[in-house]
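Using UniProt numbering, read the sequence shown as starting at 1 and increasing by one per residue.
Ideal Cβ placement from N, Cα and C applies to all residues, glycine included.
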Amino acid sequence: TPVVATTASFFQRAYDQFFQEMSLNRSRVTVLDFLGGLSGSDNTHSGAYDVTMFSNIPGATMLVPTSARDYLADLAWATAPAGSADAPAGPVVIRVPGEAILTAERDATLLPVTGGQIADRPQSTSLPVSVSSASGGISAATVRGTVSVTAQRAGVRHMLDWRVNQTGSHVAIIGLGNAYPLAEQTAAALSADYGITATVIDPRQCTSLDSDVLESLRDGHQQVITLEDGQLEGGWGEKVTAYYANHHDSDGSRNPHVLNFGAAKEFTDRVPLGELNERYGLTVEQVTEAITRCF
């Protein structure tokens with residue numbers, strides 16, 4: 001399987017080829033997307049638009065690992081021999097973990113992975129973002145720091161399953177990729193300052209919505225928070241909002257309020273990352289304030 005690696009901003013220049021030659025033809029190509037997400041780079045090298053671009057191309061799968069081990073498991077699946085039963089059917093984009101994840105891993109501050117997809121999950125109901133049908137992948141590491149070969153080849157569906165790393169109530173925080181450490185930090189602040197134990201979820205990919213997880217959050221959760229370090233408009237978090245809007249429950253108490261956090265649709269030029277996070281509300285203090293304001 002060919003592997004192509006470069007920075008997120010350069011893939012923008014190859015959009016037509018990715019759409020036509022790779023996705024339309026279902027070519028088995030693995031794309032390693034470096035420097036995706038917010039950064040202090042100049043306006044021609046910003047990677048803030050990669051999720052908006054790749055996650056909306058039919059036939060492509062975009063994985064967003066939150067650890068080195070998950071990244072290696074994702075790469076093993078994406079480059080599996082074409083004859084294997086669980087091999088992907090088209091191109092796979094892997095967003096290489098950024099500095100926020102690397103720092104959290106070095107500091108050993110991330111929650112241990114419990115393998116906690118929804119218990120007793122039925123046959124796959126992971127829905128593409130158009131919410132129309134199911135598709136799958138393989139299971140990545142079930143424990144942070146340990147990758148099981150059996151898990152890597154366990155079956156196609158599990159690659160698109162979201163992972164619940166902490167089970168709580170009232171608030172569910174879903175952090176995509178580089179924003180996942182912020183999800184855990186916000187949960188810790190809610191626990192310390194307000195006595196709220198939030199549910200914390202690592203979606204692991206932005207190609208599909210995991211309806212099992214989203215439906216489970218209707219019970220005991222008044223708010224669902226999405227965090228992403230890329231363009232919010234046309235991005236990933238708004239799809240979660242659309243899911244609940246389009247699957248309204250007749251019992252009003254089972255329709256959680258969704259708050260989306262991400263970047264504005266704008267070009268930025270050498271703006272320090274800390275300043276961008278403040279501008280877009282992507283800090284523990286700002287997310288926590290928004291959550292508590294809604295109670």
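Residue i vs residue j beta-carbon contact at 7 Å
i      : j      : result
Gly281 : Phe261 : yes
Leu38  : Asp229 : yes
Ala5   : Leu32  : yes
Thr66  : Ile101 : yes
Ala183 : Gly175 : yes
Leu209 : Tyr243 : yes
Val263 : Ala8   : The sequence given here has Ala at residue 263, not Val. Cβ atoms of Ala263 and Ala8: not closer than 7 Å.
Ala198 : Ala187 : yes
Alpha-carbon spacing of residue i relative to residue j, whole angstroms
i      : j      : result
Leu232 : Thr226 : 10 Å
Tyr71  : Thr292 : 34 Å
Lys265 : Ala290 : 21 Å
Val51  : Glu21  : 20 Å
Ser169 : Ser46  : 36 Å
Phe295 : Gln166 : 21 Å
Val164 : Val200 : 6 Å
Asn43  : Asp219 : 43 Å
Leu259 : Val271 : 25 Å
Trp77  : Phe18  : 20 Å
Pro2   : Ala85  : 19 Å
Arg95  : Arg26  : 19 Å
His221 : Val213 : 12 Å
Glu238 : Ala14  : 25 Å
Val240 : Val93  : 21 Å
Arg279 : Thr268 : 11 Å
Thr79  : Ser253 : 44 Å
Asn246 : Met53  : 23 Å
Trp236 : Ser211 : 14 Å
Ser250 : Glu215 : 14 Å
Ser133 : Pro81  : Reliability of the predicted coordinates at Ser133 is poor, the pLDDT of 29 falling under 50, and the value obtained from them is presented with this limitation in mind. Straight-line Cα distance between these residues: approximately 25 Å.
Val29  : Gly234 : 25 Å
Glu285 : Gly40  : 21 Å
His158 : Pro97  : 20 Å
Cys206 : Ala73  : 17 Å
Ile57  : Thr283 : 30 Å
Residue environment, residue i, which counts as buried when at least 16 other CB atoms sit within 10 Å
i           : result
Gln185      : buried
Asn178      : buried
Ser55       : buried
Ala108      : exposed
Asn277      : buried
residue 317 : Given a span of 1 to 295 for the chain in the structure shown, any question on residue 317 remains unanswerable.
Ala11       : The sequence shown places Phe at residue 11, rather than the Ala named in the question. The residue in question, Phe11, is buried, as its Cβ has 16 or more Cβ neighbours within 10 Å.
Pro88       : buried
Asp120      : Below a pLDDT of 50, predicted positions are generally treated as unreliable, and Asp120, at 45, falls in that range; the measurement from the model is reported next regardless. Answer is exposed; the Cβ neighbour count stays below 16.
residue 298 : This structure cannot speak to residue 298, because the chain is shown only from 1 to 295.
His248      : exposed
Cβ distance (whole Å) where residue i is taken to contact residue j below 8 Å
i      : j      : result
Arg204 : Leu63  : 7 Å
Ala172 : Leu217 : 5 Å
Gly83  : Gly59  : That belief does not hold up - the Cβ atoms of Gly83 and Gly59 are roughly 20 Å apart, past 8 Å.
Pro256 : Val287 : Rounded, the Cβ-Cβ distance is 16 Å, inconsistent with contact.
Tyr180 : Asp202 : 5 Å
Ala68  : Glu105 : 6 Å
task: Let me know the alpha helix (DSSP H) ranges lying completely inside the stretch 183-236, each 4 residues or longer, listed in chain order.
output: 211-216
message: Which runs of the beta strand (DSSP E) at least 3 residues long sit entirely within the stretch 45-85? Give them in chain order.
response: Uninterrupted beta strand (DSSP E) stretches at least 3 residues long and entirely within the stretch 45-85 occur at 61-63, given in chain order.
task: For the stretch 1-47, list the alpha helix (DSSP H) runs that are entirely contained and at least 4 residues long, ordered along the chain.
output: As far as the stretch 1-47 is concerned, its whole alpha helix (DSSP H) runs of at least 4 residues are 8-11.
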